[in-house]
Amino acid sequence: MSLRDSDLISIQEARELAARAAEAQRKFVKFSQEQVNAVVDACAQAATDAGEQLARTAVEETGYGNVPDKIIKNRLGSVDVHRAIRGMRTVGILREDKEKGILEVATPVGVVAAIIPSTNPTSTAIYKTLISLKARNAIVLSPHPTATRCICQAASVMSRAALRAGAPEGLIGCMEHTTLQGTQELMRHRDVGVILATGGTG
45 MSLRDSDLIS IQEARELAAR AAEAQRKFVK FSQEQVNAVV DACAQAATDA GEQLARTAVE
105 ETGYGNVPDK IIKNRLGSVD VHRAIRGMRT VGILREDKEK GILEVATPVG VVAAIIPSTN
165 PTSTAIYKTL ISLKARNAIV LSPHPTATRC ICQAASVMSR AALRAGAPEG LIGCMEHTTL
225 QGTQELMRHR DVGVILATGG TG
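In the numbering used here, the protein residues as written are 45 to 246.
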């Protein structure tokens, strides 16, 4: 039996992507800091290289903004964000206070559900993916319905780069059939540890 109801398709997709992301994250959590950095580096470089094309796709699909400004935003999301987080330690012991007996340990939350708007679709997808992976989380993007193509394209660019850098399959996912019900299913899925929401109800 094939699903024809758009809400059911979206709900099922959300469940499958979240489950795959959780499985991938259980492998990714065992990565060393060097391995995590290699994956994030690869994603950032791939997003930077694809920045202009992603900008064009975003403007064509959504009708918002202009290509030169979108290129700048994509670069901010890839180059500048990557530069800001590159030296951060996100694996193992972060700080030890022997006097107080306090040990700070980096602990990922699991799967990030990322709600992506149509106004800044690709730049938001890029930076949320980079910060999620840097902290050893998996991510599933839920695009605004009017920006699905460009957002999933950005996710695909980074996912392929992550795989080449040794990341497990399914670490970066993107819903291609987005409805309100599907997004709600993603946000309340048992494997989702945190929601990164940008944008409004429209």
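Just so it is clear, CB atoms sit at the ideal spot from N, CA and C, and this is done for glycine as well.
Proximal residues to V201 (C-beta, below 7 angstroms), its chain only, five neighbours per side dropped: A90, A91, A94
L61 versus G217 - alpha carbon distance: 6 angstroms
Below-9 angstroms beta-carbon distance, T163 vs any chain B residue: In summary, chain B is missing from the structure at hand, where a single protein chain is found.
Beta-carbon spacing of V84, K178 below 9 angstroms: yes
Exposure label - I55; buried when at least 16 CB within 10 Å: buried
Member of G210, K114, S50, Q69 whose CA lies at the smallest distance from the CA of N181: Q69
Start-to-end residues for the alpha helix (DSSP H) that takes in R208: 192–208
Alpha-carbon to alpha-carbon, V103 and V80: 32 angstroms
Delimiting residues of the alpha helix (DSSP H) encompassing G226: 224–231
Local conformation of L174 per DSSP, three classes: helix
Pair within 9 angstroms by beta-carbon distance, S167 and G121: yes
Boundaries (first-last residue) of the alpha helix (DSSP H) holding A102: 95–106
For T222 and S186, believed in contact at Cβ under 8 angstroms, the rounded distance: 6 angstroms
The alpha helix (DSSP H) enclosing S54, as first and last residue numbers: 50–72
Heavy atom of the ligand GDP within 8 angstroms of L215 beta-carbon: Of ligands this structure carries none, so the ligand GDP is not represented either.
Neighbour-count burial assignment, A128, 16 or more Cβ in a 10 Å radius: exposed
Residues that DSSP places opposite E140 in a beta bridge: L147
6 angstroms CB neighbourhood of T227 in its chain, flanking five on each side removed: S186
Backbone CA spacing between A206 and R232 [nearest angstrom]: 26 angstroms
For V153, the first and last residue of its enclosing alpha helix (DSSP H): Unbroken run through V153: none, as it is neither H nor E.
Same chain, Cβ closer than 6 angstroms to R64, neighbours up to 5 away in sequence not counted: G214
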